[in-house]
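Residues in the sequence shown are numbered consecutively from 735, following our numbering.
Report on the following structure.
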Amino acid sequence: MTRTDRTGTAVADALVLTRRNLLHYVRIPSLIVFSTVTPVMFVVLFGYVFGGAIDIPGFSYIDYLMPGIFVQTVAFGAMQTGIGLAEDMSKGMVDRLRSLPMARSAVLVGRTAADTTRNFLVVGLMAGVGLLIGFRFHNGLVPAVAGLGLVVLFAHAFSWISATIGLSLGSVESAQSSGLVWVFPLTFASSIFVPVETMPGWLEAFATVNPVTHVVDALRALFLGGPATSPVLWSLAWIGGILAVFVPLSVSRFRRL
Numbered sequence: 735m736t737r738t739d740r741t742g743t744a745v746a747d748a749l750v751l752t753r754r755n756l757l758h759y760v761r762i763p764s765l766i767v768f769s770t771v772t773p774v775m776f777v778v779l780f781g782y783v784f785g786g787a788i789d790i791p792g793f794s795y796i797d798y799l800m801p802g803i804f805v806q807t808v809a810f811g812a813m814q815t816g817i818g819l820a821e822d823m824s825k826g827m828v829d830r831l832r833s834l835p836m837a838r839s840a841v842l843v844g845r846t847a848a849d850t851t852r853n854f855l856v857v858g859l860m861a862g863v864g865l866l867i868g869f870r871f872h873n874g875l876v877p878a879v880a881g882l883g884l885v886v887l888f889a890h891a892f893s894w895i896s897a898t899i900g901l902s903l904g905s906v907e908s909a910q911s912s913g914l915v916w917v918f919p920l921t922f923a924s925s926i927f928v929p930v931e932t933m934p935g936w937l938e939a940f941a942t943v944n945p946v947t948h949v950v951d952a953l954r955a956l957f958l959g960g961p962a963t964s965p966v967l968w969s970l971a972w973i974g975g976i977l978a979v980f981v982p983l984s985v986s987r988f989r990r991l
């Protein structure tokens with residue numbers, strides 16, 4: 735079999751497993767509720783609870799908040815990758831898939847692709863809810879589409895972090911608990927809800943270099959207007975760096991199972 739044939743087979747295997755994971759997701763109502771209702775609650779509650787207390791010059795708080803909520807949602811949604819892999823391992827599904835004549839990479843690619851697709855659909859739903867409660871894309875259609883694409887890329891990168899953790903721990907409960915440990919600090923110690931300049935000095939130092947802050951700032955520049963080149967480049971650098979580190983780690987861990 736030529737290299738081209740092997741690549742085509744690996745892609746076909748990955749697409750089959752992507753479809754399998756998406757169907758599994760659709761058939762479990764609790765996953766649908768967690769992935770859709772929770773982000774909508776964040777948008778509504780934070781928008782109305784803090785909207786009158788936080789003043790953002792030039793924009794409403796909902797306009798300031800929505801880019802951050804997009805990023806927070808996909809960050810939490812990426813936790814499902816590690817949880818799903820840990821669940822498949824505990825049920826013996828990974829062992830059965832490894833025994834089949836398919837590309838080993840297809841298991842990981844299929845899982846991360848399915849979760850990225852799910853995150854993309856949730857972001858679309860949230861954008862609709864945001865528009866209903868007053869959010870607007872102030873900078874035109876092309877920057878808005880570019881910003882949503884950046885969110886999806888970020889979601890994919892975070893899915894590979896989650897995959898590495900899920901494969902390393904092997905238990906659903908551990909994957910869930912560890913996901914909260916690394917996602918919570920990254921999302922709440924960032925510019926999602928408030929400007930980093932308002933934070934204590936030690937926390938501002940962390941939030942400034944936090945990849946979540948860079949992506950949120952890039953989305954705000956693309957959605958609302960303003961200098962976008964620097965935050966977008968920093969975001970792409972973080973996404974590339976995360977993929978460069980955690981894709982090989984995930985593959986290596988998967989081969990050692």
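Cβ coordinates follow ideal geometry from the N, Cα and C atoms, glycine included.
C-beta contact flag for residue i and residue j at 8 Å
{"i": "tryptophan 894", "j": "threonine 947", "result": "no"}
{"i": "proline 773", "j": "threonine 752", "result": "no"}
{"i": "glycine 816", "j": "isoleucine 899", "result": "yes"}
{"i": "glycine 904", "j": "alanine 848", "result": "no"}
{"i": "leucine 953", "j": "valine 885", "result": "yes"}
{"i": "serine 923", "j": "leucine 937", "result": "At residue 923 the sequence reads alanine, which differs from the serine that was named. Yes. Within cutoff."}
{"i": "isoleucine 790", "j": "tyrosine 798", "result": "yes"}
{"i": "glycine 913", "j": "serine 925", "result": "no"}
{"i": "phenylalanine 878", "j": "leucine 967", "result": "Reading off the sequence shown, one finds alanine at residue 878, where the question assumed phenylalanine. Not in contact: alanine 878 and leucine 967 (Cβ atoms no closer than 8 Å)."}
{"i": "asparagine 755", "j": "glycine 811", "result": "no"}
{"i": "phenylalanine 871", "j": "phenylalanine 780", "result": "no"}
{"i": "phenylalanine 888", "j": "valine 949", "result": "yes"}
{"i": "asparagine 873", "j": "leucine 958", "result": "yes"}
{"i": "serine 839", "j": "valine 985", "result": "yes"}
{"i": "alanine 837", "j": "aspartate 747", "result": "yes"}
{"i": "isoleucine 867", "j": "valine 778", "result": "yes"}
Cutoff 7 Å; reference residue i; Cβ partners in own chain excluding five residues on either side
{"i": "threonine 738", "result": "Residue confidence is low: threonine 738 scores 49 on pLDDT, short of 50, so the model does not pin down where it sits. Its coordinate-derived value is still stated next. Cβ neighbours of threonine 738 beyond the five flanking positions: none."}
{"i": "histidine 890", "result": "Thr846 and Thr850"}
{"i": "phenylalanine 804", "result": "Val857, Met860, Val885 and Leu953"}
{"i": "leucine 882", "result": "Val857"}
Span of the alpha helix (DSSP H) around residue i
{"i": "arginine 845", "result": "839–866"}
{"i": "methionine 813", "result": "795–824"}
{"i": "serine 984", "result": "963–989"}
{"i": "methionine 827", "result": "827–833"}
{"i": "isoleucine 899", "result": "875–903"}
{"i": "valine 906", "result": "906–922"}
{"i": "threonine 947", "result": "945–958"}
Same chain, Cβ closer than 6 Å to residue i, five either side skipped, listed in chain order
{"i": "methionine 800", "result": "Gly864 and Phe869"}
{"i": "methionine 735", "result": "Low local confidence applies: a pLDDT of 49 at methionine 735 is under 50, so the model's placement there is unreliable, and no value is given."}
{"i": "leucine 998", "result": "Here the chain comprises residues numbered 735 to 991, so residue 998 is not present and cannot be evaluated."}
{"i": "alanine 809", "result": "Phe892, Val917 and Thr921"}
{"i": "arginine 990", "result": "none"}
{"i": "phenylalanine 980", "result": "Trp894, Ile895 and Thr898"}
Beta-carbon proximity list for residue i, same chain, < 8 Å, skipping 5 on both sides
{"i": "serine 1002", "result": "What is shown of the chain runs 735 to 991, which leaves residue 1002 out entirely."}
{"i": "threonine 942", "result": "Val930"}
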